[in-house]
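Numbering (our numbering), first residue to last: 424 to 644.
Here a beta-carbon is modelled for each residue, glycine too, at the ideal position from N, C-alpha and C.
To keep things clear, I will list the structure first and then write my remarks on it.
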Ligand code: IMP
Ligand code: MG
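See below:
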């Protein structure tokens with residue numbers, strides 16, 4: 424990774440790019456509400472709240488894309504590496520918001536653990552199709568929770584000799600402060616809650632929602 428690797432301090436020194444969201448920012452969905460925004464996607468009654476709606480996602484992705492573009496020159500276009508499956512929605516929207524050329528690669532990894540906690544033991548399910556030697560790599564992540572998955576991925580990709588590796592994550596949870604990894608671009612710092620939608624799943628469901636919401640507790644407890 425390029426640059427210094429100062430510990431992350433999401434709450435005490437948020438970058439201006441990062442929006443800090445608390446539980447108070449979520450819009451509760453009452454049980455059986457007629458205007459449940461998840462209902463039109465077939466998930467009526469399954470979410471407790473909307474945390475980040477589509478408009479807020481679109482606005483933030485525009486800001487992230489502008490910030491990344493300002494740090495790159497079009498003579499060495501960045502290589503976007505999407506970590507499947509969770510980051511797929513973010514990847515496609517981010518790439519389209521980016522005002523400079525970028526190439527795309529996809530990697531699928533799975534981290535062993537329970538349904539809602541990762542263990543840091545990672546397996547590559549699908550590797551990159553191209554050589555990243557000398558490239559300016561941008562890892563496109565959906566969410567950093569414990570940071571174990573990302574820290575494994577950074578080590579793995581660093582060993583392949585890229586010119587630089589930077590991380591763009593849409594979401595980050597407070598736990599991520601414990602791992603010493605530099606994440607240059609963070610969209611939202613969110614509370615320690617299990618979130619779904621916009622690529623994020625619980626048991627493969629909810630990835631297709633166009634917003635980020637909180638899963639109703641009764642769906643997983
Ligand atoms: P970490 O290794 O704990 O940082 O977890 C990273 C991966 O766990 C993410 O890329 C997600 O796939 C998954 N994950 C972590 N938190 C959530 C969540 O709140 N909802 C859905 N998936 C999550
Ligand atoms: Mg992920």
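Inter-residue spacing [alpha-carbon to alpha-carbon] between residue i and residue j
i	j	result
residue 622	residue 507	9 angstroms
residue 549	residue 563	16 angstroms
residue 526	residue 633	24 angstroms
residue 582	residue 557	12 angstroms
residue 502	residue 553	10 angstroms
residue 452	residue 463	14 angstroms
residue 472	residue 504	30 angstroms
residue 626	residue 613	21 angstroms
residue 466	residue 565	21 angstroms
residue 430	residue 456	Annotation note: pLDDT 46 at residue 430 (below 50); position unreliable, no value reported.
Counted within 10 angstroms of its Cβ, other Cβ atoms place residue i as buried (16 or more) or exposed
i	result
residue 454	exposed
residue 620	buried
residue 679	The requested residue 679 does not occur in the structure, where the chain is confined to residues 424 to 644.
residue 447	exposed
residue 498	exposed
residue 629	buried
residue 578	exposed
Simplified DSSP state of residue i, which is helix, strand or coil
i	result
residue 528	strand
residue 633	coil
residue 445	coil
residue 477	helix
residue 486	helix
Residue range of the unbroken alpha helix (DSSP H) whose run includes residue i
i	result
residue 517	511-520
residue 577	571-581
Residue span of the beta strand (DSSP E) that contains residue i, given as start and end
i	result
residue 610	608-612
residue 551	Per DSSP, residue 551 belongs to no beta strand (DSSP E) and is neither H nor E.
residue 565	559-567
Using the beta carbon as the reference atom, which residues fall closer than 5 angstroms to any heavy atom of the ligand IMP, ordered along the chain? Ordered along the chain, the selected set is 509, 541, 566, 567, 568, 569, 570, 571, 572, 617, 618 and 623.
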